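J.:
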Amino acid sequence: MKKSILVNSVLFVFILLIGFIANAQESNECKVLLESISGSYNGDCKNGLAHGKGIAQGIDKYEGKFKEGFPNGNGKYFWANGDYYEGNWKAGKKNGRGTLYVASTDKKLNGIWKDDNFEREIVELPYKVIQMLNVTSVTIMEKQGGIPGSIEVVFNRDGREVRDFNDLLLSNNSGVSTKSITYSGFEGVTFPFEGSLQFTALNRLNTFEVKCNVKFIIIKEGSWKVIVKY
C-alpha cells in the first residue's frame, strides 16, 4: 500500500515537471517577428508566436498587445535614442490614433497614423465637458482681457441670458465659488480646474421642474466663460 502511494506520488511530481518544462520550452520558443524587438519576449503566446499581451526587447523595447508575432493593438514602443510612441499598432506598424514623443526636442506628434506615416494631427482642446443632464449645450470659451484664474458661468435660454432657475449649487476643486443676482462663477482657481453646477429649472414645455447638472474640466490657465443653455 505504502509502495503504491509512493509510486503515485513520484508519478504525479514527474507529470508536473514535464508540464513545467513544456511550458518553459513554449515560452522560450515564442517568437517576435519584428527584428528590432526580437531579442527576448515575456508574455502570451500562440502557435509559437507572440500573441496577446507581452513585453519584447531587442535594440528597442515594446510593451503591449501582440498578434501573430507583431505589435498589434494598443502598446508603447521605446527606441534606443529615447523617443517613444504610445498608441495603436497594426501588423508591427503605427496605425490609428497615437502619440510620438521626440526626446531630442521635447515635442510630440499626436494624431492619426497609417503604416508608420503621420497622416493628420489631432488638436486636444484645453477643456472638456464631462457631464450634461437636462441641458441643451455647454460652451466653454477663453475671455480676452479677463482676470486670470476666473471662470464666469452664464445661463442662456431661447437665445437670451437668464437666471430663472432655482437651487444653484457650484462645486470646485480650487478657488472660491461666487453666486449673486447678477453673477455666478469661480475666482482664484488653479489649473487644471474641475467644476460642476447643479440647478433646477422648468423643462422646455414649462410644465414641470427638472434637475440640471453640468461638470467640466479646464486645463489651460487663463480667464474663461462657461455658457449653459437649457
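Here this note's numbering is used: the first residue of the sequence shown is 2, the next is one more, and so on. Heads up, the beta-carbon is just placed ideally off N, CA and C, and yes, glycines get one too. From a predicted model like this one, the values you see are computed outputs, not experimental measurements.
#1: Please give the ranges of any beta strand (DSSP E) in the stretch 28-66, keeping only runs that are unbroken, at least 3 residues long and fully inside the region.
#2: Looking only at its own chain, which residues have a Cβ that is under 8 Å from the Cβ of residue 54, when we skip the five neighbours before and after it?
#3: Measure the alpha-carbon distance for residue 159 versus residue 93 and round it to whole angstroms.
#4: Between residue 230 and the rest of its own chain, which residues show a CB-CB distance below 6 Å, the 5 nearest in sequence each way excluded?
#5: When the distance is taken between beta carbons, is residue 145 closer than 9 Å to residue 224?
#6: If you draw a straight line from the alpha carbon of residue 193 to that of residue 116, how long is it in whole angstroms?
#7: Between which two residues does the beta strand (DSSP E) holding residue 104 run?
#8: Look at the alpha carbon of residue 149 and the alpha carbon of residue 198, and state the distance between them as a whole number of angstroms.
#9: Identify whether residue 221 lies in helix, strand or coil by the three-state DSSP scheme.
#10: Starting from residue 153 and walking both ways along the beta strand (DSSP E), at which residues does that stretch end?
#11: Could you tell me the alpha carbon to alpha carbon distance between residue 212 and residue 170, rounded to whole angstroms?
#12: By how many angstroms is the C-alpha of residue 126 removed from the C-alpha of residue 168?
#13: State the DSSP-derived secondary structure class of residue 227, mapped to helix, strand or coil.
#14: State the CB to CB distance for the pair residue 91 and residue 73, rounded to an integer number of angstroms; the pair is presumed to be in contact (CB under 8 Å).
#15: Along the chain, where does the beta strand (DSSP E) containing residue 198 start, and where does it finish?
#16: Less than 7 Å between C-beta atoms, sequence neighbours within five positions excluded: which residues of the same chain meet that for residue 24?
T.: By the coordinates alone:
#1: 41-47 and 50-58
#2: 44, 45, 65, 66 and 67
#3: 53 Å
#4: 137, 138 and 157
#5: yes
#6: 35 Å
#7: Per DSSP, residue 104 belongs to no beta strand (DSSP E) and is neither H nor E.
#8: 21 Å
#9: coil
#10: 152-158
#11: 11 Å
#12: 31 Å
#13: strand
#14: 6 Å
#15: 194-203
#16: In this prediction, residue 24 has a pLDDT of 43, which is less than 50 and means its spatial position is unreliable; nothing more can be read from the coordinates.
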